[in-house]
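In the UniProt record's numbering, the protein residues as written are 1 to 175. Positions of the beta carbon are idealized from the N, C-alpha and C atoms, including for glycine. Each remark here refers to the structure printed beneath this line.
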């Protein structure tokens with residue numbers, strides 16, 4: 001399904017079912033950027049991320065997929081502390097996405113040759129597998145993206161993402 005069709009489907013769903021966002025509209029991932037590419041770089045640099053200097057790429061992919069890049073940044077924080085912990089140090093994966101048969105992988109997670117490649121794949125996944133199915137808020141996405149069955153604390157994950165989003169939107173670099 002083309003990206004434009006995915007965005008239109010999500011927006012039509014919102015119009016048809018506005019109650020779906022009650023209380024959670026501040027945390028709908030679809031939309032324009034709420035932070036700048038420079039701010040993203042400041043965050044990545046402050047946390048000593050190996051992806052520091054890649055803020056423009058993270059920002060541009062968000063614009064291309066109509067997903068606010070502040071959410072990509074928040075998932076990146078929760079999943080690997082911006083690539084400084086876990087398998088992301090090897091995989092260049094923003095979101096520790098499980099590999100499918102035949103995909104380049106490391107310890108069961110998709111492996112990319114660059115951070116930019118990992119960013120693009122995360123946005124594609126969110127647009128095609130979540131937004132296209134009407135899952136557009138953090139509360140809707142996280143239980144599927146990081147289920148308790150995989151050992152995740154879903155409530156803590158959601159709180160962390162929301163806290164990060166709120167902090168960065170207010171201009172604070174550290175969460």
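Asked                                                                                                                                                                : Found
Could you tell me which of 158, 58, 31 and 29 sits nearest to residue 43, measuring between CA atoms?                                                                : 58
Whole angstroms is fine: what's the gap from residue 76's alpha carbon to residue 149's?                                                                             : 20 Å
Is it the case that the Cβ atoms of residue 131 and residue 35 are separated by a distance below 9 Å?                                                                : no
Could you give the C-beta distance for residue 114 and residue 82, rounded to a whole number, given that I count them as a contact under 8 Å?                        : That belief does not hold up - the Cβ atoms of residue 114 and residue 82 are roughly 15 Å apart, past 8 Å.
My output table needs one value for residue 146: the three-state DSSP class, helix, strand or coil.                                                                  : coil
For residue 174, tell me which candidate among 73, 143 and 63 has the shortest Cα-Cα distance.                                                                       : 73
Leaving out the 5 sequence neighbours to the left and right, which residues in its chain are closer than 8 Å to residue 169 when beta-carbon positions are compared? : 34, 35 and 70
Rounding to the nearest angstrom, what Cα-Cα distance links residue 129 and residue 153 in this structure?                                                           : 21 Å
In the DSSP assignment, what are the bridge partners of residue 114?                                                                                                 : Paired residue(s): none; residue 114 is not in a bridge.
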